[in-house]
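J.: My questions will all concern the structure given below.
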Ligand code: ADP
Ligand code: ADP
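Numbering (UniProt numbering), first residue to last: 3 to 232.
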């Protein structure tokens, strides 16, 4: 059974059609890379999957639940299961690294202060930042901030994580760190949908590549089939 499924999904901004009648599904444990030219609607598609953007028509399902019918409260719960990592990290600047992660653990998961701190530290350790718990985001490199954002997303124990060009805002020397963490998550069986320009990731880590262009997903296939093309 697919974790996520879209049926005849279309998106318009005003009169402008971004993409039309898209059908796709994501199976448990699958890593999907969405590639394609700038402006093709990759980011918009990803943001529709957890309803940060509202599609114009069509349906989205998370398992058997219709996401496109959900009200605010259900959407909040959906976004715990379907996490997201953004290009620009979206950390709270006025909170320490640890508090950025603890906030959701306390508010959403209902952990007390001590348990939240413990879990936050374990997650920071997982992304190699245990020593930065008390730092503020602005004192970290972009790559470190993105690692915090990934740790914060993992704090919700998501079933799927959507990554929107997670390395595009980083200095080149930081890109490898983030791709490595993403590869580790993939190896641990995390279901991931990744909008990326990193062809090495698409080729070596993903199970399937979706090529978005001409207002549709023009092609879906294995990395092998994609990169063998003449
Ligand atoms: P990609 O991620 O493939 O670069 P986007 O999803 O960011 O593409 O954008 C797809 C198209 O939709 C672009 O033409 C973009 O300018 C337009 N677009 C994106 N967001 C909005 C918005 N909020 N309002 C109007 N047009 C938008
Ligand atoms: P990306 O392609 O990396 O997602 P963009 O630079 O296309 O980022 O868009 C940045 C923000 O501006 C997004 O929130 C997007 O929805 C919005 N946006 C993009 N294009 C338009 C547009 N033509 N009109 C209004 N908002 C837009």
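Just so it is clear, CB atoms sit at the ideal spot from N, CA and C, and this is done for glycine as well. Computed from a prediction, not measured in an experiment: that's the story for all the values here.
(1) Out of 226, 119, 222 and 190, which one is the CA nearest neighbour of residue 25?
(2) Could you tell me the distance, in whole angstroms, from the CA atom of residue 56 to the CA atom of residue 74?
(3) Can we count residue 35 as close to ligand 1, meaning its CB is less than 6 Å from some heavy atom?
(4) Report, in whole angstroms, the separation of the C-beta atoms of residue 33 and residue 194, which I expect to be a contact under 8 Å.
(5) Buried or exposed, going by whether 16 or more other CB atoms sit within 10 Å of the CB of residue 112?
(6) In terms of DSSP beta bridges, what is residue 18 paired with?
(7) Tell me the rounded alpha-carbon separation between residue 87 and residue 168.
(8) What first and last residue would you give for the alpha helix (DSSP H) that runs through residue 228?
(9) So residue 123 is in the alpha helix (DSSP H); what residue range does that whole segment cover?
(10) Report yes if the C-beta distance between residue 243 and residue 188 is below 7 Å; otherwise report no.
(11) Beta carbon of residue 170, beta carbon of residue 135: below 7 Å?
(12) Mind listing, in chain order, the residues whose beta carbon lies closer than 5 Å to a non-hydrogen atom of ligand 1?
(13) Tell me the rounded alpha-carbon separation between residue 133 and residue 82.
(14) Decide if residue 166 is buried, meaning its Cβ has at least 16 other Cβ atoms within 10 Å, or exposed.
(15) Could you compute how far the alpha carbon of residue 118 sits from the alpha carbon of residue 230?
(16) Inspect the CB distances between the segment 10-20 and the segment 175-189 and report whether three or more fall short of 8 Å.
(17) Do residue 42 and ligand 4 come close, with the Cβ less than 6 Å from some heavy atom?
T.: Taking the structure as given:
(1) 222
(2) 12 Å
(3) no
(4) The C-beta separation of residue 33 from residue 194 comes to about 5 Å, placing the pair in contact by the 8 Å criterion.
(5) exposed
(6) 15
(7) 7 Å
(8) 225-229
(9) First-last of the alpha helix (DSSP H) with residue 123: 115-128.
(10) Nothing can be reported for residue 243: it is not among the residues displayed for the chain, which extend from 3 to 232.
(11) In this structure, residue 170 keeps its C-beta atom at 7 Å or more from the C-beta atom of residue 135.
(12) Proximity to ligand 1 was defined by a C-beta distance below 5 Å to any of its heavy atoms, and the residues meeting it, in sequence along the chain, are 15, 20, 40, 41, 42, 43, 44, 45 and 46.
(13) 26 Å
(14) By the Cβ-count criterion, residue 166 is buried, with 16 or more other Cβ atoms from all chains shown falling within 10 Å of its own Cβ.
(15) 47 Å
(16) Judged by Cβ distances under 8 Å, the segment 10-20 makes no contact with the segment 175-189, as fewer than three pairs qualify.
(17) The model on display carries ligand 1 and ligand 2 but not ligand 4.
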